[in-house]
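Following: one structure in structure tokens, then a few remarks.
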Amino acid sequence: MATITYLPQNITHEALVGDSILDVALANGLDLQHNCGGVCACSTCHVIVKQGMDSLTEMEDDEADQLDEAEGLTLQSRLGCQSRITKEVDIIVEIPQLNPAIAHLFHEGATAD
Ligand code: FES
């Protein structure tokens, strides 16, 4: 059994090999945005992997292209919907806190006013 700890909430959930970071978050009621529904067509599921990067699936070109749009991009950034667990290890990810001035733009159902 793998685990994923989500920061800054510091909440840990069990996960299975093959689960995505987004799958586990949503199954446990965590507020990880996913405006495109998990099909690699936005960057709202951006997470920063603090531990366990080598236990996630490799990044594909589509994911890298979408990540370029993410606020607060780092070398440890991944899209939660595209990052699937490959090993039974303890993974730690941070959900970046959006700038409050633009956070409303990233929530599901947001409209361009
Ligand atoms: S939910 Fe849109 S890219 Fe992950």
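If you're matching positions, the sequence shown starts at 0 in numbering that gives the first Met the number 0 and goes up one per residue. By construction, the Cβ of each residue, glycine as well, lies at the ideal position given by its N, Cα and C atoms.
Bounds of any alpha helix (DSSP H) do not take in Asp89; it lies within the beta strand (DSSP E) bounded by 89-93.
Less than 8 Å divides the Cβ of Gln65 from the Cβ of Ser42. Here Val16 is exposed, its C-beta having fewer than 16 other C-beta atoms within 10 Å. Per DSSP, Ala40 lies in no alpha helix (DSSP H) and is assigned neither H nor E. When DSSP states are grouped into helix, strand and coil, Val23 belongs to the helix group.
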